[in-house]
Each structure stands twice: as structure tokens, then as C-alpha cells.
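A.B. asks: Following this message is one structure expressed as C-alpha cells.
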Amino acid sequence: MKRAISIIMAAGMAALAVTGCGGGSTGQTTAAQTTAAGGTTGAGETTAVGNAEAQVVTFWYNNTGDEALVYEKAISEYNASQTKYKVEGLSVTDDQKIIVAMSSNESPDVIKISNQTVMQYQKNGLLENLQPFADGESFDASIYSEQAVAANTIDGDIYALPLDAYTIQMFYNKDLLEAAGFTEPPKTMEEMYEMAVAATKVDGSGNIEVLGYPLFPYASARQELIYGFGGRWWSEDGKPTPEDPGILASLNMNVKFRDQFGGKALDGFIGTANTNRYTEQDMFFQGKQLFRLDGSWLPTMMKNFKSTVNWGITLIPGTEANPDLRGTSRFETDSVAVPAMSKNKEGAWDFTKWLCSEEGAKIIDLGTGNLPAVKALYDDAEIIAVPGFAEFIDALKLEKGIQYPAMADYGEYISMVNATLDTVYAGTTTPEEALKALAGQSANLK
Numbered sequence: 048m049k050r051a052i053s054i055i056m057a058a059g060m061a062a063l064a065v066t067g068c069g070g071g072s073t074g075q076t077t078a079a080q081t082t083a084a085g086g087t088t089g090a091g092e093t094t095a096v097g098n099a100e101a102q103v104v105t106f107w108y109n110n111t112g113d114e115a116l117v118y119e120k121a122i123s124e125y126n127a128s129q130t131k132y133k134v135e136g137l138s139v140t141d142d143q144k145i146i147v148a149m150s151s152n153e154s155p156d157v158i159k160i161s162n163q164t165v166m167q168y169q170k171n172g173l174l175e176n177l178q179p180f181a182d183g184e185s186f187d188a189s190i191y192s193e194q195a196v197a198a199n200t201i202d203g204d205i206y207a208l209p210l211d212a213y214t215i216q217m218f219y220n221k222d223l224l225e226a227a228g229f230t231e232p233p234k235t236m237e238e239m240y241e242m243a244v245a246a247t248k249v250d251g252s253g254n255i256e257v258l259g260y261p262l263f264p265y266a267s268a269r270q271e272l273i274y275g276f277g278g279r280w281w282s283e284d285g286k287p288t289p290e291d292p293g294i295l296a297s298l299n300m301n302v303k304f305r306d307q308f309g310g311k312a313l314d315g316f317i318g319t320a321n322t323n324r325y326t327e328q329d330m331f332f333q334g335k336q337l338f339r340l341d342g343s344w345l346p347t348m349m350k351n352f353k354s355t356v357n358w359g360i361t362l363i364p365g366t367e368a369n370p371d372l373r374g375t376s377r378f379e380t381d382s383v384a385v386p387a388m389s390k391n392k393e394g395a396w397d398f399t400k401w402l403c404s405e406e407g408a409k410i411i412d413l414g415t416g417n418l419p420a421v422k423a424l425y426d427d428a429e430i431i432a433v434p435g436f437a438e439f440i441d442a443l444k445l446e447k448g449i450q451y452p453a454m455a456d457y458g459e460y461i462s463m464v465n466a467t468l469d470t471v472y473a474g475t476t477t478p479e480e481a482l483k484a485l486a487g488q489s490a491n492l493k
């Protein structure tokens with residue numbers, strides 16, 4: 048659920064750049080840290096607790112509250128499973144504190160971050176290359192999905208192991224769909240548009256009461272709706288591709304819907320929706336959205352808020368011309384990495400392997416409500432019993448995840464994309480004009 052909270056904090060298109068459990072508020076908490084009678088020891092030292100010869104491995108994770116307790120449970124399970132190492136966990140959510148520590152002799156031995164952060168840290172030389180460790184013992188990375196491994200691989204080498212997975216798919220309100228005259232959710236964007244127009248309700252003043260087209264949340268409208276058309280904001284080698292025909296096709300459909308129902312009315316609905324997102328008054332929870340592109344945590348949230356909406360989950364549509372694009376979505380992982388300044392890299396690797404194994408990952412996945420990256424957990428009875436997980440795992444099996452690019456100027460590019468799309472949705476420029484201008488602005492980015 049931490050991932051959902053972090054997305055709320057993202058502004059507009061910033062969610063395209065930062066999702067995942069990695070971000071957080073400043074500060075540090077040790078509420079969930081387990082310390083024994085022997086006291087806390089420094090990285091690489093031995094401890095007097097339990098086995099006198101146990102080497103200490105320090106592990107920093109960026110979860111707090113109940114989720115921190117889940118990580119401490121996993122740490123306890125690992126410590127009980129062997130006697131060579133003793134992991135000491137610490138919840139640290141201050142990104143700057145983490146970077147400063149990793150650049151010094153005070154570095155933790157293991158960190159839990161997002162795969163996007165893995166890329167950033169690797170570019171700055173802060174991470175240990177795990178490929179030699181994996182090669183040295185013929186580590187079997189095939190236990191993970193191919194896209195999970197790819198998300199943590201840079202220039203052919205693994206820099207982190209995937210702990211869990213994150214993707215987006217389409218929720219729909221079954222009752223609204225039936226009332227609009229349809230019995231099955233859409234398989235193509237063209238079908239989705241037809242259903243969206245039929246289901247959208249407007250009051251006498253032109254205000255939208257029920258939104259059919261999934262223009263909210265913003266991040267999904269600016270990512271998944273584009274991916275479903277085959278559009279990509281960047282190439283496989285990390286170059287900006289703002290004039291991709293799929294982007295233009297998606298924006299033209301969005302603008303067509305906005306023109307039909309009024310940009311001002313849509314912005315009013317979306318503004319209210321954004322204010323109430325993931326609360327009891329969430330528009331989808333209240334039955335005021337036909338389609339919602341969102342994550343696997345949504346069913347649990349709806350249950351907790353006692354929503355009575357009759358919902359279903361389906362793959363994000365493709366197009367009539369390219370039905371094979373169905374199910375395409377962003378893909379990220381929470382990842383476990385070893386800082387380059389770690390004092391106990393052998394112990395760090397041993398714990399990383401265990402935490403990201405079927406045994407360790409199951410504790411984390413069930414405790415935090417995130418999807419598995421370990422393929423063996425796809426069919427685990429307890430995992431698929433979580434509401435919505437079975438449908439999302441079916442989507443993961445398609446291996447159609449869109450990876451974020453390894454661009455040095457990624458943040459600058461996304462700011463340009465944000466500004467460009469704002470002008471399109473404000474109606475001040477056409478999609479064609481805006482994307483052409485963006486191509487010129489981003490031409491020299493790396």
C-alpha cells in the first residue's frame with residue numbers, strides 16, 4: 048500500500064517519473080528495529096547476541112509503521128535460518144541521508160529502493176555490481192520474471208534483485224457498464240471510447256456526475272492510455288520520441304472526449320477526484336467512474352472503505368489495428384541492492400538473495416500488499432487469495448511491462464512532457480503542434 052500513498056504525493060505527470068515504494072518523507076524511525084541485549088553493532092562487526100561469531104549486516108528499508116514490522120519479521124526469519132550473519136534493520140526514509148551515508152564509511156550493507164532509484168544510484172557509482180556474485184555461484188535469476196530482471200539490469204549486469212512488482216490495469220464498474228448497454232469490458236481503445244461516451248453523465252449545468260473515459264488519474268492517462276496505442280515517450284536506447292504516432296493517436300482521442308463534454312467540466316471533476324483519491328469519497332469507490340486505470344491495491348482499499356461498487360478487472364485495451372498491445376502497462380519493482388561502500392558485501396549478498404527468494408519475498412508481498420516478482424509465487428494460494436491479485440498476476444505473465452529509460456536528462460524531459468500536455472489539455476495548442484514543439488525542445492537531451 049505504500050506505493051499507492053507515494054503516488055498520491057506525486058504531482059501530475061511526476062508520477063510518470065516516480066512511483067514505487069522508494070520515496071518518502073524526511074526523517075528516520077527505529078520503532079520496528081529489533082535490538083537485543085548485546086546492543087547495536089556497526090556494519091561488518093560481530094555481535095554478542097546468539098552466535099558470537101555472527102557478522103552484522105545492516106539493512107536500510109524505506110517503509111514505516113506496519114510495513115516496517117513486515118520487514119522486521121522477514122529479518123527475524125532470515126536470522127533464524129542461519130548463524131553466519133545477523134541482519135539489523137533500520138527504517139530510513141530520508142533520501143538525502145541515504146545518499147550521504149552511501150558515500151561514506153557509514154554506508155549500510157543492504158538497501159531497499161525502487162528500480163528507478165537503482166538506475167540513479169548506479170549512474171553515480173553508489174552501487175555494487177551484483178553480477179560477479181551471481182556468476183560466482185551460478186545464481187538462477189530465472190526465478191524472476193524477465194521484466195523484473197530487466198528492470199534491475201544495467202549494461203548487461205544485475206545491480207539489484209527484484210523484491211516485488213508493480214503494474215497498472217483497468218478496473219471497471221460492472222453496473223455502469225451494463226446501464227450503458229454493454230455486457231463485456233472493452234478489448235480495444237475504440238470500444239472503450241464508445242462505452243465511455245455512453246456512460247458519461249452530465250447534470251443540467253454541464254457538470255460531470257459520472258466519468259466514462261479514464262482521464263483520471265493523470266499519470267495513467269498520460270502513460271497507459273498512450274501505451275495501449277503503442278505510443279512510447281522514449282526509445283529502447285533511452286532517446287526521447289515525442290512524435291511517436293501512438294502518442295498522437297491517444298492524445299487526439301483524449302481531446303475528442305474533452306471537446307465533447309467540455310474541458311472545464313472535466314477539469315472540475317478531475318480536480319475533485321484528485322482531492323478525494325484513495326479516501327472514502329474516491330470517485331471510483333462512490334460509483335462515479337466507469338473505468339479506472341490503477342494498481343493492485345485498489346480492491347483492498349475499496350473493501351476497507353466499505354465500497355459497494357460492483358467492480359471487475361480487465362486488461363488495458365489495445366487498438367483495433369494492434370490488439371496485441373492489450374495489457375501493456377508501466378512496470379516497476381521494489382529492489383534490494385548492495386551499496387559500493389558496504390563493509391560486508393558477502394553477507395549483504397547472502398541476505399539479498401534470501402529476502403528476494405520465494406520464502407523472503409512472500410513475507411514482504413503479503414505483508415505490504417505488493418505483487419510478486421518471483422514467478423513461483425504467481426500460483427501461491429495465499430498470494431492469489433488477495434483480492435485482485437489473480438487478475439494482476441495474469442497481466443504480469445504477459446511480460447508487457449514498459450520500463451523507464453536510463454536517461455541522464457530524464458527529469459528534465461518529463462518536465463517538458465508535463466508542460467506540453469498541459470497546453471494540449473488546456474486547448475491552447477493541438478496535439479500535433481505540441482508534440483512537434485516538444486521534439487525540438489528535447490532533441491539534445493541525453
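Just remember that the numbering used here sits 47 ahead of the position in the sequence shown, which is counted from 1.
All C-beta atoms in this analysis are idealised placements derived from N, C-alpha and C, irrespective of residue type, glycine included.
Here the structure is a predicted model, which is why all the values come from computation and not from measurement.
(1) Under the rule that 16 or more other beta-carbon atoms within 10 Å means buried, what is PRO179, buried or exposed?
(2) Grab me the residues of VAL228's own chain with a C-beta within less than 8 Å of its C-beta, minus the 5 sequence neighbours each way, in chain order.
(3) Under the assumption that ILE158 contacts TYR274 (Cβ atoms under 8 Å), give the Cβ distance between them as a whole number of angstroms.
(4) By the three-class DSSP mapping on this structure, what secondary structure does ARG305 have?
(5) Applying the 10 Å Cβ sphere with the 16-neighbour rule, what's the burial state of ASP341?
(6) Give the straight-line distance between the Cα atoms of CYS68 and THR230, rounded to the nearest whole angstrom.
(7) Could you please give the first and the last residue of the uninterrupted alpha helix (DSSP H) stretch that includes VAL383?
(8) Give me the Cα-Cα distance between GLN488 and GLY458, rounded to the nearest whole angstrom.
(9) Answer with buried or exposed for GLU135, where buried requires no fewer than 16 other C-beta atoms within 10 angstroms of its C-beta.
(10) Rank LEU418, GLU175, LEU313 and LEU445 by C-alpha distance to the C-alpha of VAL249 and give the top, closest one.
(11) Whether or not the region 430 to 449 and the region 199 to 217 are in contact is what I'm after, with contact meaning three or more pairs of Cβ atoms, one per stretch, closer than 8 Å; do they touch?
(12) Identify which residue in ILE255, ASN299, ILE360 and ARG373 has its Cα closest to the Cα of GLY318.
(13) For TYR401, tell me which candidate among ALA207, ILE145 and SER138 has the shortest Cα-Cα distance.
(14) Output needed for ALA148: all residues of its chain with C-beta closer than 7 Å, excluding positions within five of it in sequence on either side, in chain order.
(15) Can you name the start and end residues of the alpha helix (DSSP H) that ASN220 belongs to?
(16) Using three-state DSSP, classify ASP469 as helix, strand or coil.
(17) Report the three-state DSSP secondary structure of TRP107 (helix, strand or coil).
(18) May I ask you to list the residues that DSSP assigns as paired with THR130?
(19) Give me the residue from ASN369, GLU184 and ILE122 with the minimum Cα distance to LEU137.
(20) Measuring alpha carbon to alpha carbon, tell me which residue in VAL302, SER382, ASP456 and PRO232 is nearest GLY365.
(21) To the nearest angstrom, how far is the alpha carbon of LEU298 from that of GLU124?
(22) Could you tell me the alpha carbon to alpha carbon distance between ASN447 and THR164, rounded to whole angstroms?
(23) On the three-state DSSP scale, how would you describe TYR213?
(24) To the nearest angstrom, report how far apart ASP19 and TRP281 are at their CA atoms.
(25) Is the CB-CB distance between TRP358 and PHE218 below 8 Å?
(26) Does the Cβ of ASP412 have 16 or more other Cβ atoms within 10 Å, making it buried, or fewer, making it exposed?
C.D. replies: Well, looking at it:
(1) Residue mapping note: residue 179 aligns to position 132 of the sequence shown, counting from 1. Exposed, because fewer than 16 other Cβ atoms sit within 10 Å of the Cβ of PRO179.
(2) The sequence position of residue 228 within the sequence shown is 181, counting from 1. Note on residue identity: the sequence assigns Gly, not Val, to residue 228. ALA245, listed in sequence order.
(3) Counted from its first residue, the sequence shown places residue 158 at position 111. Counted from its first residue, the sequence shown places residue 274 at position 227. With a Cβ gap of about 30 Å, ILE158 and TYR274 do not count as contacting.
(4) The residue given as residue 305 occupies position 258 in the sequence shown. Helix, per DSSP.
(5) Residue numbering aside, residue 341 sits at position 294 when the sequence shown is read from its first letter. Per the 10 Å Cβ criterion, buried.
(6) Translated into the one-based positions of the sequence shown, residue 68 becomes position 21. Translated into the one-based positions of the sequence shown, residue 230 becomes position 183. Caution is warranted here: a pLDDT of 36 is assigned to CYS68, below 50, making its placement in the model unreliable, and the coordinate value is therefore given only provisionally. Taking the straight line from one Cα to the other gives about 36 Å.
(7) Taking the sequence shown and counting its residues from 1, the one referred to as residue 383 is at position 336. Here VAL383 belongs to no alpha helix (DSSP H); instead the beta strand (DSSP E) covers 376 to 384.
(8) Stepping through the sequence shown from its first residue, residue 488 is reached at position 441. Stepping through the sequence shown from its first residue, residue 458 is reached at position 411. Their backbone Cα atoms lie some 14 Å apart in a straight line.
(9) For the purposes of this step, residue 135 is taken as the residue at position 88 of the sequence shown. It counts as buried.
(10) Counted from its first residue, the sequence shown places residue 249 at position 202. It is LEU313.
(11) yes
(12) Along the sequence shown, one-based indexing puts residue 318 at 271. Per the Cα distances, ILE255.
(13) Along the sequence shown, one-based indexing puts residue 401 at 354. The amino acid at residue 401 is misidentified as Tyr; the sequence shows Trp. Nearest of ALA207, ILE145 and SER138 to TRP401, Cα basis: ALA207.
(14) On the sequence shown, residue 148 is found 101 positions in, with the first residue counted as 1. Contacts found: SER154 and PRO155.
(15) As a first step, residue 220 is located in the sequence shown; it is residue number 173 there, counting from the start. Per DSSP, ASN220 belongs to no alpha helix (DSSP H); it is in the beta strand (DSSP E), 216 to 220.
(16) Sequence index remark: in the sequence shown, residue 469 carries index 422 (1-based). ASP469 falls in the helix class under three-state DSSP.
(17) For the purposes of this step, residue 107 is taken as residue 60 along the sequence shown, with counting starting at 1. The answer is strand: DSSP assigns TRP107 an E or B state.
(18) Position 83 of the sequence shown, counted from the first residue, corresponds to residue 130. According to DSSP, which records beta bridges pairwise, THR130 is partnered with nothing at all.
(19) Indexing the sequence shown from 1 puts residue 137 at position 90. The option with the nearest alpha carbon to LEU137 is ILE122.
(20) If you number the sequence shown from 1, residue 365 lands on position 318. Of VAL302, SER382, ASP456 and PRO232, the residue nearest in Cα terms is PRO232.
(21) Position 251 of the sequence shown, counted from the first residue, corresponds to residue 298. Position 77 of the sequence shown, counted from the first residue, corresponds to residue 124. Between LEU298 and GLU124, the C-alpha separation is close to 49 Å.
(22) Taking the first residue of the sequence shown as 1, we reach residue 447 at position 400. Taking the first residue of the sequence shown as 1, we reach residue 164 at position 117. Here residue 447 turns out to be Lys, not Asn, going by the sequence shown. Answer to the nearest angstrom: the Cα atoms are 21 Å apart.
(23) Position 166 of the sequence shown, counted from the first residue, corresponds to residue 213. Strand at TYR213.
(24) This structure cannot settle anything about residue 19, because the visible part of the chain is limited to 48 through 493.
(25) Here residue 358 corresponds to residue number 311 of the sequence shown, with the count starting at 1. Here residue 218 corresponds to residue number 171 of the sequence shown, with the count starting at 1. In contact: TRP358 and PHE218 (Cβ atoms closer than 8 Å).
(26) Against the sequence shown, residue 412 aligns to sequence position 365. Under this definition ASP412 is a buried residue.
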